[in-house]
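First up is the structure itself, then whatever we jot down about it.
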Amino acid sequence: MVSVKSRVALLTLAVLVVAATAFEAAARAATPVPASSDGSVLNVTIPVFDPGIPADPSVFRDLQVFPRIRQIEAMLMPFLLRETLVKSGRWGAVRVTTKPDDAEELQIFGTIVRSDGDWLELRVRAVDATGSTWLDKIFSSEASDETAASHRDRGTPEFQAIYDDVANELTALRARLDEATVANIKGTSLMRYAAVLAPSAFSDYLEQNDDGTFRLLRLPARNDPMLIRIETVRNTEFLITDTVDARFRAFNKDLARTYRVWRQYRRKVADYEAWNTNFAAAGPGDAERGSWESIKHQYDAYKYDRLTAQERDRLAVAFNNEVATTVDAMEARVAELNGWVEQGYPEWSRLLEGLYEIETPLPDTGAER
Amino acid sequence: MYTLLGLIAWLCLAGCASEKSLLVEGIKYFDGEMPADFSGFWVRDYARSDNINKVFQNATYELARKRGANGPAGPMASERDMSRLIPLARLVELITRTDELTISQTEYEILIERRDDFALMCAFFDGIAKPTDNAFGKESCGWDGNRLVSVTDFPDGLRVVHRFQTSEDRKQLRVITTASSDTSPVPFTLRHFYWRVQKVPGKFECIETLSMKRVCSTGELEL
Chain W
1 MVSVKSRVAL
11 LTLAVLVVAA
21 TAFEAAARAA
31 TPVPASSDGS
41 VLNVTIPVFD
51 PGIPADPSVF
61 RDLQVFPRIR
71 QIEAMLMPFL
81 LRETLVKSGR
91 WGAVRVTTKP
101 DDAEELQIFG
111 TIVRSDGDWL
121 ELRVRAVDAT
131 GSTWLDKIFS
141 SEASDETAAS
151 HRDRGTPEFQ
161 AIYDDVANEL
171 TALRARLDEA
181 TVANIKGTSL
191 MRYAAVLAPS
201 AFSDYLEQND
211 DGTFRLLRLP
221 ARNDPMLIRI
231 ETVRNTEFLI
241 TDTVDARFRA
251 FNKDLARTYR
261 VWRQYRRKVA
271 DYEAWNTNFA
281 AAGPGDAERG
291 SWESIKHQYD
301 AYKYDRLTAQ
311 ERDRLAVAFN
321 NEVATTVDAM
331 EARVAELNGW
341 VEQGYPEWSR
351 LLEGLYEIET
361 PLPDTGAER
Chain E
370 MYTLLGLIAW
380 LCLAGCASEK
390 SLLVEGIKYF
400 DGEMPADFSG
410 FWVRDYARSD
420 NINKVFQNAT
430 YELARKRGAN
440 GPAGPMASER
450 DMSRLIPLAR
460 LVELITRTDE
470 LTISQTEYEI
480 LIERRDDFAL
490 MCAFFDGIAK
500 PTDNAFGKES
510 CGWDGNRLVS
520 VTDFPDGLRV
530 VHRFQTSEDR
540 KQLRVITTAS
550 SDTSPVPFTL
560 RHFYWRVQKV
570 PGKFECIETL
580 SMKRVCSTGE
590 LEL
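Chains as they are written, first to last, in the working numbering: chain W, 1 to 369; chain E, 370 to 592.
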């Protein structure tokens, strides 16, 4: 009887996992990567950046924050960081995700502090699976036309210097870790994932410290059947994540052209602003205070500045209009994929818990003798 | 003499105080919706609007009368007074010359678009006005009942005030524009009236885009 139950549960789990795989059989660019990275390289997840939109809408204009554009930047920028990390060859799978994955070997969080077309400031925080923070600092860079020219098909190549700096710092931090520390991060990552999915089987393998970090107490055998199932589920989840990632990449390419036009306009607006400042500084010449020339100059200085600001607002609306269809389609697709994972997750968890219960022999109490 | 000076000072103070008290920063002007809806496309009603020449003549006559400056044909303002008032009158003429206003109003802001000039903007968050300022001036807004008041202060003592009020049926709009400066003996005020016009929907739906500029379609736009 137990064996039949076990087989049914295994079969259901297999069907769910196969369904997940089939769901994205047409995953085109998706590349499944093992649940745990091999060797000494660490897998990296970069959740979509925090757009850094102030909660108070009354300050948007003062800070030149255009919420919709910030949201798009927050989706575009992680890709440049991803590509930079991949190119360095120092990391395992590097994924951009819509949500954080606390069990990932290394996560990189970004927050847009300032982005006005000419200047970019990003707060970057890197945290590994044990909860240890590798770095938490603000990187900034002025736009470079040189890098923009060599990466025309990408979102914000003008700020490549920032991504290079982040990648270099992370590589240097990784180089300081010995192999035992890296193995501990990998083990903790796998056990954190397993403990969430099948807490009965794996919660004893970890301990959370008072400061929120995790300590790996032990690891199951490599051929532990529950662990193998967990890895299968995780690989399935990664397959879906990689599909989302591939969608994001396509989206990035679609938006890059429009974003570049937006940046060009932003620069033109900056030129107008400089002209306005010069005009105001030049003053009305020898005109007497209160004269028509003096009054007209005062009015015009204000008027030109307001017209420039209003042109900037108009361009932001034009940008939103142009990308709206792409962004809506993208968001719908990502929501669909995420929804699938969110719906499947409790079911996987329930089945794994069931299997663990079935396969774990009851303690021999002698009551039935 | 003292009585006359006192009266002038009182009038000035009363005028200044009423505007200032309206536009104290941080005041909560309303709860919930804005006190009036100005949205729409408005065209000038020339028949009811002020004629600037007449208004200027009246202003100089009153100024001369107050000063007791008489010419051969009655009160006549001095050359100095005229030279101080004319720039304000020219400014008001310049900034009120538009014969169309497009006003859009959202939960937070009122945007008054004028041809050949910047759009006046009044933003309110939770009923509290959010001034718009730059190095060259400051635009503040407030409400006087259901009248919207927009005040732009310039660094050298120049001030422009617009007061907007709609008729009860929202078919007409009155805009009173006043320019004042400490260099001029009196402010200069002009009233304009507008009719609300329902724009006929066009055959095309158009939107602004960045790379393709204005994109129009006969149906729903798909980019």
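Just so it is clear, CB atoms sit at the ideal spot from N, CA and C, and this is done for glycine as well.
Rounded C-alpha distance that separates residue i from residue j
| i | j | result |
| --- | --- | --- |
| W/S203 | W/R125 | 27 Å |
| E/T587 | E/A416 | 38 Å |
| E/G496 | E/D400 | 6 Å |
| W/R117 | W/A161 | Per the sequence presented here, residue 117 of chain W reads as Gly, with Arg not at that position. One C-alpha to the other measures close to 15 Å. |
| W/S58 | W/L355 | 54 Å |
| W/L255 | W/V323 | 7 Å |
| E/D414 | W/K253 | 52 Å |
| W/G290 | W/V65 | 37 Å |
| E/S519 | E/L432 | 26 Å |
| W/P199 | W/E353 | 8 Å |
| E/L517 | W/R123 | 42 Å |
| W/V33 | E/S408 | Reliability of the predicted coordinates at W/V33 is poor, the pLDDT of 42 falling under 50, and no value is obtained from them. |
| E/F557 | W/V334 | 60 Å |
| E/S390 | E/S473 | Residue confidence for E/S390 is low, a pLDDT of 49 falling below 50, so the modelled location carries little weight; the figure read from the coordinates is stated next. Between E/S390 and E/S473, the C-alpha separation is close to 26 Å. |
| E/Y477 | E/F494 | 6 Å |
| W/E104 | W/L216 | 15 Å |
| W/R314 | W/A250 | 27 Å |
| W/N235 | W/V127 | 22 Å |
| W/R192 | W/A129 | 8 Å |
| W/E447 | W/R257 | The displayed coordinates of chain W run from 1 to 369. Any statement about residue 447 of chain W would go beyond what the structure contains. |
| W/R68 | W/A55 | 14 Å |
| E/S582 | W/V261 | What sits at residue 582 of chain E in the sequence shown is Lys, not Ser. Going from the Cα of E/K582 to the Cα of W/V261 covers about 11 Å. |
| E/D450 | W/D62 | 40 Å |
Contact set between residue i and chain E, taken where Cβ atoms lie within less than 9 Å
| i | result |
| --- | --- |
| W/V269 | Within 9 Å Cβ-Cβ: nothing; W/V269 doesn't reach chain E, min ~13 Å. |
| W/E322 | I576, E577, T578, L579, S580, M581, V584 and L592 |
| W/Y272 | The contacting residues do not exist; W/Y272 stays about 13 Å from chain E at best. |
Contact set between residue i and chain E, taken where Cβ atoms lie within less than 7 Å
| i | result |
| --- | --- |
| W/A290 | Sequence inspection shows Gly at residue 290 of chain W; the Ala mentioned does not correspond to that position. Near W/G290 (Cβ distances below 7 Å), the residues of chain E are R453, P456, S550, T552 and S553. |
| W/Q310 | F487 and A488 |
| W/A318 | E577, T578 and L579 |
| W/W275 | Near W/W275 there are no residues of chain E at all, since even the closest Cβ is about 13 Å away, more than 7 Å. |
Own chain partners of residue i with C-beta closer than 8 Å, once the 5 adjacent residues on each side are dropped
| i | result |
| --- | --- |
| E/D419 | L559, R560 and H561 |
| E/R466 | D485 |
| W/A195 | F202, S203, Y205 and L206 |
| W/R70 | P51, G52, I53, I112 and S115 |
| W/P100 | T45, P47, Q107 and F109 |
| W/G283 | H297 |
Own chain residues within Cβ distance below 7 Å of residue i, not counting five before or after
| i | result |
| --- | --- |
| E/R553 | The question names Arg, but residue 553 of chain E is Ser in the sequence shown. Result list for E/S553: R453, L454 and L457, in chain order. |
| E/P444 | Y430, A433, R434 and A438 |
| W/Y163 | L80, L81 and T84 |
| W/D165 | F139 |
| W/G187 | L216 and L219 |
Residue i: contacting residues in chain A (beta-carbon distance under 9 Å)
| i | result |
| --- | --- |
| E/Y477 | The chain labelled as chain A is not found among the protein chains of the depicted structure, namely W and E. |
Contacts that residue i makes with chain W (C-beta to C-beta distance below 7 Å)
| i | result |
| --- | --- |
| E/G506 | Y302 |
| E/K499 | S58 |
Residue i: contacting residues in chain W (beta-carbon distance under 9 Å)
| i | result |
| --- | --- |
| E/R565 | Result: empty, since nearest Cβ-Cβ is about 23 Å, beyond 9 Å. |
| E/R459 | W292, I295 and K296 |
| E/P444 | Simply none; closest approach about 23 Å. |
Where residue i meets chain E, residues with beta-carbon distance less than 8 Å
| i | result |
| --- | --- |
| W/A280 | A504 and F505 |
| W/D118 | Here the premise fails: no neighbours, minimum Cβ distance about 17 Å. |
Inter-residue CB distance, residue i and residue j (contact presumed, cutoff 8 Å)
| i | j | result |
| --- | --- | --- |
| W/I112 | W/P51 | 6 Å |
| W/F79 | W/L120 | 14 Å between Cβ atoms; not a contact. |
| W/N321 | E/E577 | 6 Å |
| E/A548 | E/V461 | 5 Å |
| E/F487 | W/A301 | That belief does not hold up - the Cβ atoms of E/F487 and W/A301 are roughly 11 Å apart, past 8 Å. |
| W/V269 | W/L42 | Wrong, their Cβ atoms sit about 42 Å apart, outside the cutoff. |
| E/L579 | W/A318 | 5 Å |
| W/T213 | W/G131 | 4 Å |
| E/T521 | E/E508 | 5 Å |
| E/V529 | E/T501 | Actually they do not touch by this definition, with Cβ atoms about 14 Å apart. |
| E/D468 | E/V544 | Actually they are not in contact, since the Cβ atoms of E/D468 and E/V544 sit about 12 Å apart, beyond 8 Å. |
Residues near residue i in its chain [Cβ-Cβ closer than 6 Å; skip 5 each side]
| i | result |
| --- | --- |
| W/F248 | V96 |
| W/S140 | E121 |
| E/T471 | F410 and E482 |
Would the segment 563-574 of chain E and the segment 305-324 of chain W be scored as touching if the rule is three or more Cβ pairs under 8 Å?
Two segments are said to touch when three or more pairs of C-beta atoms, one from each, lie closer than 8 Å; by this definition the segment 563-574 of chain E does not touch the segment 305-324 of chain W.
Examine the Cβ distances between the segment 511-519 of chain E and the segment 59-75 of chain W and report whether three or more of them are shorter than 8 Å.
Contact between the segment 511-519 of chain E and the segment 59-75 of chain W is not established, with fewer than three Cβ pairs separated by less than 8 Å.
Does the segment 167-181 of chain W come close enough to the segment 83-93 of chain W to have 3 or more Cβ pairs within less than 8 Å?
Yes, since at least three Cβ pairs between the segment 167-181 of chain W and the segment 83-93 of chain W fall closer than 8 Å, the two stretches touch.
Given 8 Å as the limit, is there contact between the segment 224-241 of chain W and the segment 282-302 of chain W, that is, 3 or more CB pairs closer than that?
Taking a cut-off of 8 Å for Cβ pairs, the segment 224-241 of chain W and the segment 282-302 of chain W do not touch, as fewer than three such pairs fall below it.
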